[in-house]
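Visitor: Numbering-wise, this note's numbering comes out as the position in the sequence shown, counting from 1, plus 113. From the three backbone atoms N, C-alpha and C, an ideal C-beta is built for every residue, glycine too. Predicted, not measured: the structure shown is a model, and the values here were computed from it. Sharing a structure below in structure tokens format, with a few things to ask.
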Amino acid sequence: AGFFPMMPGTVHVPYAYCYRCPYKLTYPSCDLYCANIIEDAYLKTVAPPEDVAGIFVEPVQGEGGYIVPPPGWMDRIAKIAKDHDFLLIDDEVQSGLGRTGKMWAIEHSKAVPDILTTAKSIASGIPMGATIYPAEMDFPESGKHSNTFGGNPVACAASLATLDVIEDEGLVHRSAQIGGYMAKRLDEMKDRYEFIGDRRGLGLMQATEFVTDRTSKKADPKIRDAIEKDAYEHGLILLPCGESSLRYIPALNIPKDVLDAGLDVLDQTFRRAHR
114 AGFFPMMPGT VHVPYAYCYR CPYKLTYPSC DLYCANIIED AYLKTVAPPE DVAGIFVEPV
174 QGEGGYIVPP PGWMDRIAKI AKDHDFLLID DEVQSGLGRT GKMWAIEHSK AVPDILTTAK
234 SIASGIPMGA TIYPAEMDFP ESGKHSNTFG GNPVACAASL ATLDVIEDEG LVHRSAQIGG
294 YMAKRLDEMK DRYEFIGDRR GLGLMQATEF VTDRTSKKAD PKIRDAIEKD AYEHGLILLP
354 CGESSLRYIP ALNIPKDVLD AGLDVLDQTF RRAHR
């Protein structure tokens, strides 16, 4: 079941999901059809450019399945926004703050957002979110907008401390480095277990998608859920995403031996499910 009713005046567009392309095309011969259709169809039929305030986009999709768009997609989206004079709003709530091996996931492209939203990791567990934009976009007079808990001093202190740790310990670079190692180990598991249809991710934002078979690619949420439960019973906490995927998002400063221990448990869980 989804979340309804959605906010009025909002139009949703399918994400760039190459493993299950909603348009049954193949990258790169598709020429980024999933981005082009925004300009070629949506802006001509359901959302005239003059009525569009902005486009919200995750540079790596989170709850939808940890989907990494193909090269050039984010840049094409940014160009469409610029050409039609509406804002590009970058949702980095899950993918930001070093998670993908860049400070912000959008940095894997050349796109520059007008507005960036972030939360979750920004204060290391203390509730906080931030909307970041150029000063010229702010209210011309102070006091024109307020909120009850905005600027909470404890949350702000935790956020500043978190940013210091990310910078001082080189965690963005470490995410790219150790994330590459984790991806390699997950790829090795994919080679061994036929129920893994896809492994995808950037840095320490990785996922595997489970299928009944690799030919049909039929999603298999049952085996995904069974693996999640079995892993938990053996000391490894996992979290699902998408229709039949599991996400792997260890702390950016996770020791390599701890990461290996977790991946070993995951491998053993896959082995038991494969019998």
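Does DSSP put Glu322 in a helix, a strand or coil?
Guide: Strand.
Visitor: Please determine if the region 325-335 and the region 295-312 are in contact, where contact requires at least 3 C-beta pairs separated by less than 8 Å.
Guide: They touch, by the three-pair rule.
Visitor: Can you tell which of Gln319, Pro162, Gly264 has the C-alpha that lies nearest to the C-alpha of Asp198?
Guide: Nearest C-alpha to Asp198: Pro162.
Visitor: Within the continuous alpha helix (DSSP H) that includes Gly283, where are the two ends?
Guide: No alpha helix (DSSP H) holds Gly283; DSSP gives it neither H nor E.
Visitor: Applying the criterion that 16 or more other CB atoms from any shown protein chain within 10 Å of the CB defines a buried residue, is Lys233 buried or exposed?
Guide: When all chains shown are included, Lys233 counts as buried.
Visitor: Tell me which same chain residues have a C-beta within less than 7 Å of the C-beta of Leu252, skipping the five on either side of it?
Guide: Going by the sequence as given, residue 252 is Phe instead of Leu. Within the same chain, Phe252 has close Cβ partners His258.
Visitor: Just to confirm my understanding: we take Gly178, look at its own chain, exclude 5 residues before and 5 after, and list those with CB closer than 8 Å. What are they?
Guide: Hits under 8 Å: Tyr130, Ala320, Glu322, Cys354, Gly355, Glu356, Ser358.
Visitor: Could you round the C-beta distance between Gly292 and Leu315 to whole angstroms and report it? I think they count as a contact, below 8 Å.
Guide: Indeed they touch by this definition, with Cβ atoms about 7 Å apart.
Visitor: Classify Leu315 as helix, strand or coil using the three-state DSSP reduction.
Guide: Strand.
Visitor: By the DSSP assignment, the beta strand (DSSP E) with Asp227 in it spans what residues?
Guide: Careful: Asp227 lies outside any beta strand (DSSP E) and carries neither H nor E.
Visitor: Helix, strand or coil for Val159 per DSSP?
Guide: Val159: coil per DSSP, three-state reduction.
Visitor: Classify Ala129 as helix, strand or coil using the three-state DSSP reduction.
Guide: Ala129 falls in the coil class under three-state DSSP.
Visitor: Report the three-state DSSP secondary structure of Val181 (helix, strand or coil).
Guide: Here Val181 sits in coil by DSSP.
Visitor: For Leu351 versus Leu372, is the C-beta distance shorter than 9 Å?
Guide: Not closer than 9 Å, so no.
Visitor: Tell me which residue opens and which closes the alpha helix (DSSP H) that Leu376 is part of.
Guide: Leu376 -> alpha helix (DSSP H) spans 369-387.
Visitor: Name the one or two DSSP bridge partners that Leu200 has.
Guide: In the DSSP output, where bridge partners are listed per residue, Leu200 has Gly167.
Visitor: With a threshold of 16 other CB atoms inside 10 Å of the CB of Thr244, please say whether the residue is buried or exposed.
Guide: It counts as exposed.
Visitor: Can Met318 and Ser222 be called in contact, C-beta distance under 9 Å?
Guide: No, Cβ-Cβ distance for Met318 and Ser222 is not below 9 Å.
Visitor: Pull up the CB-CB distance for Val170 and Val181, whole angstroms please, since I reckon it's below 8 Å.
Guide: Incorrect: roughly 13 Å between the Cβ atoms, too far for contact.
Visitor: With burial defined as no fewer than 16 other Cβ atoms inside 10 Å of the residue's Cβ, what is the status of Ala154: buried or exposed?
Guide: Ala154 comes out exposed.
Visitor: Return helix, strand or coil for Ala362, following the three-state DSSP convention.
Guide: Position check: residue 362 holds Ile in this sequence, whereas Ala was assumed. Reduced to three states, the DSSP call for Ile362 is coil.
Visitor: Keeping to the same chain, check which residues put their C-beta closer than 6 Å to that of Val285; ignore five residues upstream and five downstream.
Guide: These residues qualify, in order along the chain: Gly211, Met216.
Visitor: Using only the alpha-carbon positions, how far apart do Ile190 and Arg360 sit?
Guide: Straight-line Cα distance between these residues: approximately 26 Å.
Visitor: Using a 10 Å radius around the Cβ and a threshold of 16 neighbouring Cβ atoms, would you call Gly167 buried or exposed?
Guide: Exposed, because fewer than 16 other Cβ atoms sit within 10 Å of the Cβ of Gly167.
Visitor: So, with DSSP's three-state summary, where would you put Thr141?
Guide: According to the sequence provided, residue 141 is Pro. The question's Thr does not apply to it. Note: Pro141 maps to coil in three-state DSSP.
Visitor: Taking Cβ to Cβ, would you say Ile193 is nearer than 9 Å to Thr230?
Guide: Not closer than 9 Å, so no.
Visitor: Mapping the DSSP letters down to three states, classify Pro135 as helix, strand or coil.
Guide: In this structure, Pro135 counts as coil in the three-state DSSP scheme.
Visitor: Would you decide whether Ser329 is buried or exposed? Buried here means 16 or more other CB atoms lie within 10 Å of its CB.
Guide: So Ser329 ends up on the exposed side.
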